[in-house]
Every structure is written in structure tokens, then in C-alpha cells.
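Since the structure comes first, as C-alpha cells, the remarks are kept for the end.
2 protein chains.
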Amino acid sequence: MSENSKKSVIIIGTGLVGSLCACFMAKRGYQVNVYERRQDIRTGKEVRGKSINLALSHRGRNALRDVELEEDILKTAIPLKGRFLHGINGGLKSVIYDPILKNCIYSLGRNYLNKKLLEATNKYSNIKHHFEHMLTKCDLSKGTITFLNLKTCEEIQETADLIIGADGAHSKLRLYMQQMPQFQYTQTYIEHGYLELYIPPEKSCKMQPNHLHIWPRCEFMMIALPNQDSSWTVTLFMPFKIFYQLTKKEEVIRFFQDYFSDAVELIGKEQIVDVFLNTHPSQLISVKCSPYHAGSKFLIIGDAAHAMVPFYGQGMNAGFEDCFLLNKLLDKNNDNIVVTLDEYTQLRVRNAQAICDLAMYNYLEMRNLVNTTSFALRKILDNQLFKLFPNLWIPLYNSVSFSTMDYQRCIENRKWQDNVLRTAFIITGLFIIISLLISRY
Amino acid sequence: MSENSKKSVIIIGTGLVGSLCACFMAKRGYQVNVYERRQDIRTGKEVRGKSINLALSHRGRNALRDVELEEDILKTAIPLKGRFLHGINGGLKSVIYDPILKNCIYSLGRNYLNKKLLEATNKYSNIKHHFEHMLTKCDLSKGTITFLNLKTCEEIQETADLIIGADGAHSKLRLYMQQMPQFQYTQTYIEHGYLELYIPPEKSCKMQPNHLHIWPRCEFMMIALPNQDSSWTVTLFMPFKIFYQLTKKEEVIRFFQDYFSDAVELIGKEQIVDVFLNTHPSQLISVKCSPYHAGSKFLIIGDAAHAMVPFYGQGMNAGFEDCFLLNKLLDKNNDNIVVTLDEYTQLRVRNAQAICDLAMYNYLEMRNLVNTTSFALRKILDNQLFKLFPNLWIPLYNSVSFSTMDYQRCIENRKWQDNVLRTAFIITGLFIIISLLISRY
Chain A
-4 MSENSKKSVI
6 IIGTGLVGSL
16 CACFMAKRGY
26 QVNVYERRQD
36 IRTGKEVRGK
46 SINLALSHRG
56 RNALRDVELE
66 EDILKTAIPL
76 KGRFLHGING
86 GLKSVIYDPI
96 LKNCIYSLGR
106 NYLNKKLLEA
116 TNKYSNIKHH
126 FEHMLTKCDL
136 SKGTITFLNL
146 KTCEEIQETA
156 DLIIGADGAH
166 SKLRLYMQQM
176 PQFQYTQTYI
186 EHGYLELYIP
196 PEKSCKMQPN
206 HLHIWPRCEF
216 MMIALPNQDS
226 SWTVTLFMPF
236 KIFYQLTKKE
246 EVIRFFQDYF
256 SDAVELIGKE
266 QIVDVFLNTH
276 PSQLISVKCS
286 PYHAGSKFLI
296 IGDAAHAMVP
306 FYGQGMNAGF
316 EDCFLLNKLL
326 DKNNDNIVVT
336 LDEYTQLRVR
346 NAQAICDLAM
356 YNYLEMRNLV
366 NTTSFALRKI
376 LDNQLFKLFP
386 NLWIPLYNSV
396 SFSTMDYQRC
406 IENRKWQDNV
416 LRTAFIITGL
426 FIIISLLISR
436 Y
Chain B
-4 MSENSKKSVI
6 IIGTGLVGSL
16 CACFMAKRGY
26 QVNVYERRQD
36 IRTGKEVRGK
46 SINLALSHRG
56 RNALRDVELE
66 EDILKTAIPL
76 KGRFLHGING
86 GLKSVIYDPI
96 LKNCIYSLGR
106 NYLNKKLLEA
116 TNKYSNIKHH
126 FEHMLTKCDL
136 SKGTITFLNL
146 KTCEEIQETA
156 DLIIGADGAH
166 SKLRLYMQQM
176 PQFQYTQTYI
186 EHGYLELYIP
196 PEKSCKMQPN
206 HLHIWPRCEF
216 MMIALPNQDS
226 SWTVTLFMPF
236 KIFYQLTKKE
246 EVIRFFQDYF
256 SDAVELIGKE
266 QIVDVFLNTH
276 PSQLISVKCS
286 PYHAGSKFLI
296 IGDAAHAMVP
306 FYGQGMNAGF
316 EDCFLLNKLL
326 DKNNDNIVVT
336 LDEYTQLRVR
346 NAQAICDLAM
356 YNYLEMRNLV
366 NTTSFALRKI
376 LDNQLFKLFP
386 NLWIPLYNSV
396 SFSTMDYQRC
406 IENRKWQDNV
416 LRTAFIITGL
426 FIIISLLISR
436 Y
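Chains as they are written, first to last, in the working numbering: chain A, -4 to 436; chain B, -4 to 436.
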């Protein structure tokens, strides 16, 4: 402990991942300074409409448990045991995520959770927050970082043993790292944007509780997640070109009545028209890069390292798992930061890129495949096999959401399952044909 | 002209593309201000070893011709009529690029050409150069750009009707554009680096003139291009991991004797060892992004928009073609910059991305495929068909290097040729089988 108390960490960002990371580092005994460009969200005014609701699953819970926060946070979270599908012709269907082990994911408001995590940091006397401090410069070779105090307009240069960027999808620290030789980097904006709508508590009795609601419509989809106050946050994901076609009040209402008729009454025409005509749909970015560390002390985690589209509900969970992994590696390497950063990149890049790919794929599944018979049959088959061989046949969604299996292994596992099934079908088919031929002659 | 003389352009960078672009814009009558971070290369001291020699081909010549520079520049360029392959066992082979129409590419030193282009800008009184001015800030929405005068440490904010970033693969203007919503961006460093060596004029008599020399060795390759002073610039491209394995004098010499035995004497052991042990191999970056413009006045061209690996010899040619296209579109749109920028992105992104892909593919061809029999047979077949149908069957290398066909069409064209040949082979094969069967019974 005495050795660790000399170690200093700077964390950039007090979002979900930055705040959790601060707890992890403080629990190690490190001196933690957290810098944040914005005001403290606990004192500033609340902003709505720019965040997708969050689904906490196994990896996130695992990390929260390590800093004794899981129980408290789960208390108010709303368990979701499956998807609730709204067909275009009014058909309704519940598809349970894990009918065998009954695992759930948990719906949480972003603001609520962020405040909870910030409060948790208060328990550590070795965490100091610096709100309204903007990163203005970073010297990766010298290991220094400069912030502008937005209240006093004073610039301060800082350094520490470890400098962690948890500053989100548009990370400024990553922008400096990107200028290093050999930094691989891709940012992709998908052609779909999203708008957020709202079902008030008084209408929520009409919504099947404890489900993630989906209105899959092939080219686009709408989803709804429950909030703690019994309201629901509704998100419509759709190609920008369709958003831009809907410019008149009547068109918007007609569109909703055509595609989401059962939701019109719950959301209310007035709100639908207001949001459509007065809000610009938000963008969805996916970021892949490598390495995650620079020099001997810089590291990016969470969305700064691997922003992903939100369709697997793993963005926050992967970010929390980053903190968990960093902490584990510091344990293993006796707080040797250089060795830890190198191992972190080795282990994390391929897994984070795998979940970015899965998240992209899951949009297709949610808006389209869930409607198909083959998808339903595969789900039944997967669940039966999972029941028979619980350690051998873990369905993809379960391995991603209800285990801590490496994301990359989740994909490999699924490919192996696909191969097994394909082979089994071919053998069965041949067997049937041969049986028929034998029985005939 | 009077309308155009009111239009102002800022160009960032006095490299090859920036300087040529300045000529194009000045010829239109625009007021041109060119900013460059470095000293004027015509007065500063020369740097060697950080540049690959250049091969000027059809697209580059086409652009130079438009501003009356082609003739002067071709005068001193060295025509290369084909590749000269050095086999590992000492076998030598000349493979002519275009045996039918006898088209050549032209070898030029980067510094020499850059000076020529800078001198050409002097002919225009409406071009003003600002050397040692570093881009420090850029406000894409306000349309302003700030430079720091490195001599006086004074910061100046500028604006213009059109602001063009020709500031290379590590473009600073692009870094600002990258932070715009919907900016797609990928930077890829390949796992191979390069070192430059040198064959002095007195040894050049042993080199087959008017060829691009290649020592293809599958995993790596060495090439040599002639300079105006009869010397040759030799470049070794190789995976970094092999470079890093060669750390001792004896290992380096052994490696060269094993793989490039005929070149050892030409380059000299001393130089080889000196360069290997005292130089860090340079990186190779490939950049793809979209759009190329931002707002109503910012544009990136050349490597800033589409840095590519150097294996098709098209980096400079594509950059020159950018200037040519921009000029053409300004003509077509009567100097309407907003419309021009939009059309420029529409036309240029897919073509530039196509040549980036081709350049990546050509590394494989140069270091490996040129050694294969199938490659040689295809080359013969392509040339025969080209001779028979000169307007229909243009081989890939010819369409890229000796035409101004859209890069994307060059690829489509090649795919079409592959399909035709595949179908022809199948039909011929079937025909032979059927003939044999008929003749037997």
C-alpha cells in the first residue's frame, strides 16, 4: 500500500467509465486526479434526448462488484428478461433471453448511473475532481498533459505515473495518439441516426414490463427501455435519408401510423411531431484503433478506445470490463505500469474490435432477423442444446451478455456452433436420403 | 477574369501537389496565398533518405500540360519502359510495360521536381508564399484559419473563398475535418517499412538503363530508380520484424549476399551496413476518408485526402489529377465554389479509394506475383488482346498508368476482363472435352 500510495493517476473524463476507473485506481491506493471539461452533472442542469438508455449485463456487473457497487446499483435497475416484439400487423411476441438460467439484463438511466458512480468516488479521500477543465495539449513523449481551467482561464500542465483517457467517442487524448507512428485508426459513421421519444408513466401500464421492446421494420427499428420512474425511453433508429424525407406534420403522423401504430397513442402525436420537426437525429459512430496505450503512461479506455454502435448493449459493459482488466493486470504485474499497458493492448484490442463488429451485426439482427422463422428456430435449437450441454453450447447472446468469455472467443464459439450445425444437417440429410433409397429397393 | 481576380485561395503546403495547385488557381486569376511550415526548399539544405523516387505517368503529365509545365519537366526526366527483374539465382528479365504503344513512365527526383514546381509559381504575380508558417487553428464553421509565423512568433488569422489543404499524409487540416460529424476516416500503417540506399554514378553502367529494377523476394522486395545524375536510388521494402532481426554487421551483409547478391557490389557493403545500423526504417501509411470538403470553403487534396502506399507509383499522379479535376469543375461551374466542392467529393472519393486499394494490391504483385508463370502468361495474353482490341481490352497497368480512365473503372474493367477470360477458358475446356468424347465414339 505504501508503494502504491506514491503512484499517481490522471483520469480524463467523469463519465461512466472514467468514474468507475477512478474507484478502481483509488481502491488500489493510487492518488487519483480526475479532469472533466463539463460541470459536475450532480449540480448542473439535466439534459435529455442525447443518450440511449443503458443495459447493464454480466461484464458490467462483474466490474461493479469488484469495487462493491453492484448491489447498490442493481437495487434500482429494472431487470429485462427478454425482447418483446411488436409486429407491423399488431402481433406481439415475448422472446426470453435466457429461458434456461433466467439471466436478465438491467435497464438503467445514464444520468442516474453516472451520478451514482460519481457519488461512489466521494468515498475515496484519494480522488480529487477538477470539473470545467479542458484538455488543451498533450505531449506523449514527455508524458505531460495540459488543461485549461475554464473558470479562471488558467492553463496548468500536469503529469502522473499513469494518464488515462476516458473521454468518450470523440476523445481528445486519442487525437494526440493518432498522430503517433503506427497508430491504426478507423472511425465510421453509420448511415443511420436516432431520435429519442418518451412514454410517460401514466401510459406504461400498456407496455409489457421487464422486456426490451422492439418494433423491427427491416430497414429501421424502434426500441423502448423502461426507466425507474415507470416511464419508457423510446429510440427510433433509421437511415438519415428517411428522416430527411419526413418534413411535414402529416407525413410524420402517417409514417408512425403505418409502421408503429400501437406506439402512437402511447407516445402521443404531439410529441412525435414536435421531436421530428424540431430535433436533428443524432449520429452513431464506431471507432477501432490500436494500440490503446502510448509511451510509458498514456492509456485510452471505454468509448475513447472502442466506441461502438449501441445495438448489443455492450458499450458501457465493455468500458467497465476495461477498468476490471486494467486493475487485474496491475495486480498481476505488481503495479508495473509499463508492462501492464503493453499487456492491456495485447489483450484488449482484439476483444474490443470483436464487440464493435458484433454490435454492428446485431443491428441487422434486431431490425430484421428477429422477424424471421430461421432466427426463431435457431433460438429454440440453441436453447435446447444449451440445456443439454450448458458448458459446451453457450448461445452467442448468452456468452456476450451473461458471461465474461473473451468477446473474440464468443465469435469463434459461434462460428464453431454454425459449423457443427451445418455438418449435422448434412449428415442428417444424407441419412434420410439413404434410408429412403434403401426402403424403396 | 475580373470576377475571378476577386476570388482568393489559401493553399496549405508547398509540396508537389500544393505548388501545382497554386499554378492552377493562379492561372484562373485567383489571388493565391500559400502557407508552408518549413523553409523554402530552394534555399534550405537538402535532406536525403526520406523520400521514395517518383514515377510520373499519364495523369500527372496531363495535369502538368494544363499549366504548360509538361515539356520542361519531361526534358530532364528519365523514361522507364519496363520492369527489370533480378531473380534470386541471378536470372535477369526485362518486362516492358506497354510493348504495343510503347508508353513509358518517367523517373524524377522528388526534390528536383518540387523545386521546378516552386519556380513555376514564381511566374504568377498573384501567388504569394508564406514560408515558416505553421497551421495552429482552424474553425471550419466560421471559415477561418490561423497560422503561427515561426520567425516572428506572431499569430495571424486568415480567411479566403477557398482554403485547400495540400499538407500531406499527416495533414493538420484533415485533423480538424476529422472532428466533424459524418467524417469517415481510416489510417492504416502497413507492417512493412523501407530504407533507402544509393548506387553512385560510377557503378551505374552495370544497371540496365530505362527500367525500374525490382528484386522480388516474396515477403519483401528491393527496387531501384534512376536519378538525373546517373546515380540510382535503391529502396528496400520489408516487414519491420525482419529489419529488427538484423542488428549486427555480419547479419546485414549475409542477408544482402543471400538475397540481393548482384546489388552488394553496386551499393557497397560499407553503405549497406551504415544505413542498416544507423537508420530507422520509415513507415508507410495509407489514408482513406470522406468527404474531401468541409463547409463551403475547405478542401483537402493529394496525400492529405488519400495517402497511399507507393507501389503503383500513383501517389503524385493522383494528387496532380486532383488539381486538374478541381480546375475542370471550377470551369464547369463558373467558379461556384460550393457546388464545385460538393461535386469534387462526389467524383473523387471513390476513385481515390480505388487507387489506394490498387496500390496496396500492387505490393503483392511486385514482390511476389511478378515471379510467377501465371503472371507472365496473363501479361502476354493481355498484350495480345490489347493489340487486337486497343479500345476494348486495356490491361490494368495501362489503364492506371497510361490513361485518365477513372481509377474505379480501371478496377471494374479488370474484373470484367477476368470474367471474360474465365468464361472463355471454361468454354474452351468444355469444347475440348466434347470434341475428345465425340472423336472417341
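Just so it is clear, CB atoms sit at the ideal spot from N, CA and C, and this is done for glycine as well. Everything numeric in this text was worked out from a predicted model, so none of it was measured.
With a threshold of 8 angstroms between beta carbons, residue 170 of chain B makes contact with chain A.
Residues of chain A whose Cβ lies closer than 8 angstroms to the Cβ of residue 177 of chain B are, in chain order, 184 and 278. Shown here, residue 217 of chain A sits in a strand according to DSSP, grouped into three states. Taking 8 angstroms as the threshold, the shortest C-beta distance from residue 165 of chain A to chain B falls below it.
Counting only the Cα atoms, residue 21 of chain A lies some 6 angstroms from residue 27 of chain A. For the 8 angstroms CB-CB criterion, residue 215 of chain B and residue 362 of chain B form a contact.
Annotation: residue 54 of chain A to residue 240 of chain B spans about 40 angstroms, alpha carbon to alpha carbon.
Under the 8 angstroms criterion on CB atoms, residue 174 of chain B is classed as interfacial with respect to chain A. In the three-state reduction of the DSSP assignment, residue 191 of chain B falls in the strand class. Residue state for residue 332 of chain A is assigned as helix, using DSSP reduced to three classes. Secondary structure at residue 165 of chain A: coil, using DSSP grouped into helix, strand and coil.
Between residue 373 of chain B and residue 391 of chain B, the alpha-carbon positions lie close to 11 angstroms from each other.
Contact between residue 388 of chain B and residue 397 of chain B does not hold, since the beta-carbon distance rounds to 14 angstroms and is not under 8 angstroms.
Residue 176 of chain A sits away from residue 179 of chain B, with the two beta carbons spaced by 8 angstroms or more. The shortest CA-to-CA distance from residue 103 of chain B to any of B:72, B:34 and B:169 is the one to B:72. A distance below 8 angstroms between beta-carbons, with the five flanking residues on each side excluded, links residue 256 of chain A to the following residues of its chain, in chain order: 85. The three-state reading of DSSP puts residue 377 of chain A in helix, counting H, G and I together. The C-alpha of residue 61 of chain B is placed about 43 angstroms away from the C-alpha of residue 260 of chain B.
With 16 or more other Cβ atoms from the protein chains shown falling within 10 Å of its own Cβ, residue 160 of chain A counts as buried. As for any alpha helix (DSSP H) of minimum length 4 sitting wholly inside the stretch 330 to 374 of chain A, the runs are 332 to 362, ordered along the chain. For the pair residue 334 of chain A and residue 328 of chain A, the Cα-to-Cα distance works out to about 7 angstroms. Your pair residue 111 of chain A and residue 127 of chain A does not check out as a contact, with CB atoms roughly 22 angstroms apart and the cut at 8 angstroms. Per DSSP, the continuous alpha helix (DSSP H) segment holding residue 257 of chain B begins and ends at 256 to 262. The beta carbon of residue 131 of chain B lies closer than 6 angstroms to those of 141 and 143 in the same chain, with the five residues before and after it left out.
For the C-beta of residue 107 of chain A, not a single chain B residue is nearer than 7 angstroms; the gap to the nearest is close to 27 angstroms.
Taking C-beta atoms under 8 angstroms as the contact rule, residue 162 of chain A and residue 8 of chain A qualify, at a distance of about 4 angstroms.
Interface annotation for the stretch 381 to 414 of chain B against chain A: empty, criterion Cβ-Cβ distance under 8 angstroms.
Rounded to whole angstroms, the Cβ separation of residue 354 of chain B and residue 384 of chain B is 27 angstroms, and the two are not in contact under 8 angstroms. For residue 368 of chain B, no chain A residue has a Cβ inside 7 angstroms of its Cβ, as the nearest lies near 36 angstroms away.
The stretch 302 to 333 of chain B is shown to contain no whole beta strand (DSSP E) run of 3 or more residues. If you ignore the 5 residues before and after residue 357 of chain A, its C-beta comes within less than 6 angstroms of the C-beta of 306 and 307, all in its own chain and listed in chain order. Closer than 8 angstroms to the CB of residue 141 of chain A there is not a single CB belonging to chain B.
One Cα belongs to residue 13 of chain A, the other to residue 222 of chain B, and the distance between them is close to 55 angstroms. The DSSP-derived three-state label of residue 387 of chain A is coil. Residue environment: residue 204 of chain B is assigned as exposed (fewer than 16 neighbouring CB atoms within 10 Å of its CB, all protein chains considered). Assignment of residue 228 of chain A by DSSP, reduced to helix, strand and coil, places it in the strand class.
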